[in-house]
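Structure first, then comments.
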Amino acid sequence: MKRIPALLSLLLTTITLFAQQYNSDGVDGRFAFGMDGQQILYGYPNSQPTSYFMIRVEKPGGGYVYGSNKKGTHQKLNALKSVAELIVREGVQVQQNKFRFSAFDILQEIIPLNNFDQPALAGEVVRKYRVDYRITNYTDQDFSMGFAQFLDFKIGDNDACRMEFQQQRVEESTIIEPQNESCSVKLYQKDFDKQGFAGELEFVSGMSERPMPARLYFGDYRDLESKIWGWQLSRSKYLDAAMVLEWDDLIVSAGQTTVNSFHLGIPDFVKGNLEVSKSLLFETADFINHSLFFKLGVSQLSSEQKRTLKNLLENKSIERIIINGFSDKVGSAKQCQLVSAQRAKSVKTYLEQSLEMNIPYEVNAFGSSRAGVLKEDQQKTGNEKDRKVDLLIELR
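Each step along the sequence shown adds one to the number in our numbering, with nothing skipped, and position 235 is 311.
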């Protein structure tokens, strides 16, 4: 009889741990990428991507419980919906999706990166996205957790895109165990050359909280059948080229956090701007992005720039405005910092005078820290695309 309370306690703990506890807004957190309107991951530019993550947790009594943000999967899989938000963090628009599954809170963040692998500010060309999963054990017990990311590639109308890993062509049904602290996978639409190039998936390690995937699986969807944890895919005839990133199972101690992360981007020789498809929630988010460009050494607004700002913000109900000033690399670092601050200040002053509203402003000056290297013919004239003020305007 004494065992009954202990068994009842274990049962109640199991029920509590493996219940889905967040009140979801119905967004499942899947995503897709594209370049200038052309898709790389399936679903772009539509808001119906098929790339998704899976998580499994070892149950106290043995075996596993599984969760995923993919719809229509096996009945044993817990369907995870997220609480979604588009936030602005230090001038960077970050998509967040928050899940709760078993003993874990899962925060998915999709972060744009610029040419220098810095978080991209509003108006900057985006060359990569970093996808982070911050997984926190919110209980007072230790749990074993496994994590896998499915990526469903489709380049234009071509499902069976070609891949290279460390300059070696990848055949179907290939499993790779990365050995280096960083590595990348190149994606091609038809041929293994620059003309057919479409994207690059990069894994960067070196930080203890961001382990690299232990295994990479390549092939089409059929080739991935039963590869991950013996899982049976529900669409075995699905022909899209795909890969899976699988991290080793690990013990996440009570109250501790682990972060899994990867980059998807385009290299320097490919022209274009990488974009992420947005759910309907984010498509209706009220933000305006705008850039103003300046002549060398100039920080004051021209009459044309003032008219542009007036037309842009006329009859708008504004919550706040973030103003970021920049310079190219002509001059000393101190001079570049000063002129970038003066440009941002001149925009703020004009907006305060013309809008006549009590709006909170955030003003930043980045100098030449985000400017490209000047070419030989730009040493005196500079590069206009780096001489700018970017505005991120949040509407009510």
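From the three backbone atoms N, C-alpha and C, an ideal C-beta is built for every residue, glycine too.
Taking 8 Å as the cut-off, the beta carbon of residue 435 is found closer than this to the beta carbon of residue 397.
Excluding its 5 nearest sequence neighbours in each direction, residue 426 has C-beta neighbours in its own chain below 7 Å: 377, 382, 385, listed in chain order. Sorting 196, 259, 227, 408 by C-alpha distance to the C-alpha of residue 241 places 259 at the top. When 202, 277, 180, 471 are compared, the shortest CA-CA separation from residue 131 is found for 180. Distances from the CA of residue 183 to each of 191, 174, 189 were compared; the closest alpha carbon is that of 174.
By a beta-carbon distance limit of 8 Å, residue 443 does not contact residue 393. Their separation comes to about 33 Å. With 16 or more neighbouring CB atoms inside 10 Å of its own CB, residue 111 falls in the buried class. Of 291, 432, 399, the smallest CA-CA separation from residue 422 is found for 399. Your pair residue 145 and residue 120 does not check out as a contact, with CB atoms roughly 17 Å apart and the cut at 8 Å. In the three-state DSSP reduction, residue 426 falls in the helix class (H, G or I). When the beta-carbon positions are compared, residue 207 and residue 190 stay at least 8 Å from each other. In this structure, residue 210 sits away from residue 320, with a CB-CB distance that is not shorter than 8 Å. Buried is the label assigned to residue 416, since at least 16 other Cβ atoms lie within 10 Å of its Cβ. For residue 467, the enclosing beta strand (DSSP E) starts and ends at 464-471. Under DSSP, residue 259 shares a beta bridge with 279. Closest in alpha carbon position to residue 286, among 168, 305, 339, is 339. If you compare the alpha carbons of 362, 433, 103 with that of residue 164, the shortest gap goes to 362. When secondary structure is reduced to three states using DSSP, residue 434 falls in the coil class, being assigned neither helix nor strand. In this chain, the beta strand (DSSP E) harbouring residue 172 covers 168-177. Bridge pairing for residue 206: 187, 339 [DSSP].
Residue 104 sits buried, since 16 or more C-beta atoms from the chains shown fall within 10 Å of its C-beta.
With 16 or more other CB atoms across the displayed protein chains lying within 10 angstroms of its CB, residue 126 is buried.
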